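Q:
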Amino acid sequence: MFLLDERVPSVFKRIYYARVNDFIIKPFCPEEFLFHVFRLCKVLLGSKFELKNSLVFDKDSQCIRKEDEVIYLGKKESQLLEILCKNSPHVVTYDEIDHHLYKNETLSQDRIRSLVLEIRAKIPTICLKTVRGTGYKVE
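Count the sequence shown with the UniProt record's numbering and you get residues 1 to 139, in order.
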């Protein structure tokens, strides 16, 4: 989270691309600051993520819910979705995925691609976007 002294539109774009989750412009009241902190904690510490197409990912039960339907995921599939959801709408690079899922084992990107294919096969309506040469993002 960033604190800014003034509104400068050119800075907003740089902040977004730097993957900053939130910013506050001075002067602000203490309640506004607390609101931003709690919202950020909910994103980072929360266990349920709402996705497009009425999908809800529950990391604790490792499943996706769509209305009355429940689709269970494997451990690595769930971990991958968690990383993507926590970083949404930003792209998560192959290196970041490798670091979080496989603790920097020497892997090919094919292993990550196969995980994404498994998720897409289980949940055809999920919006997992491939950013060619970089990584993935979820919407």
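We treat Cβ as the ideally placed atom computed from N, Cα and C, and that holds for glycine.
Bear in mind that the values here come from a model prediction, so they are computed numbers and not experimental data.
1. Look up Y94 in the DSSP assignment and give the residues it is bridged to.
2. Which partner residues of L128 appear in the DSSP bridge assignment?
3. Report yes if the C-beta distance between V91 and Y136 is below 8 Å; otherwise report no.
4. Just how far apart, CA to CA, sit E139 and S88?
5. If E82 sits next to K59, beta carbons under 8 Å apart, how far is it from one beta carbon to the other, in whole angstroms?
6. When you compare only the Cα positions, how much space is there between L80 and K86?
7. Measure the CB-CB distance between S47 and Q62 and report whether it falls below 8 Å.
8. By Cβ distance, which residues of its chain are closer than 6 Å to T125, with the 5 residues on each side in sequence left out?
9. Just to confirm the assignment, what range does the alpha helix (DSSP H) spanning C85 have?
A: Quick answer:
1. Translated into the one-based positions of the sequence shown, residue 94 becomes position 94. Bridge partners of Y94: none, in fact.
2. Sequence index remark: in the sequence shown, residue 128 carries index 128 (1-based). In DSSP, L128 forms a bridge with V138.
3. Position 91 of the sequence shown holds residue 91. Position 136 of the sequence shown holds residue 136. The answer is yes: Cβ separation under 8 Å.
4. The residue you call residue 139 lines up with position 139 of the sequence shown. The residue you call residue 88 lines up with position 88 of the sequence shown. Straight across, the Cα-Cα distance linking E139 with S88 is about 7 Å.
5. Taking the first residue of the sequence shown as 1, we reach residue 82 at position 82. Taking the first residue of the sequence shown as 1, we reach residue 59 at position 59. Taking 8 Å as the upper bound for CB-CB distance, E82 and K59 are in contact here, some 5 Å apart.
6. In the sequence shown, counting from the first residue as 1, residue 80 sits at position 80. In the sequence shown, counting from the first residue as 1, residue 86 sits at position 86. If you draw a straight line from the Cα of L80 to the Cα of K86, it is about 10 Å long.
7. On the sequence shown, residue 47 is found 47 positions in, with the first residue counted as 1. On the sequence shown, residue 62 is found 62 positions in, with the first residue counted as 1. Their beta carbons are not under 8 Å apart, which means S47 does not touch Q62 by this criterion.
8. To locate residue 125, count along the sequence shown from 1; it is residue 125. So the qualifying residues of the chain are N53.
9. By one-based count along the sequence shown, residue 85 stands at place 85. For C85, the uninterrupted alpha helix (DSSP H) segment begins and ends at 75-87.
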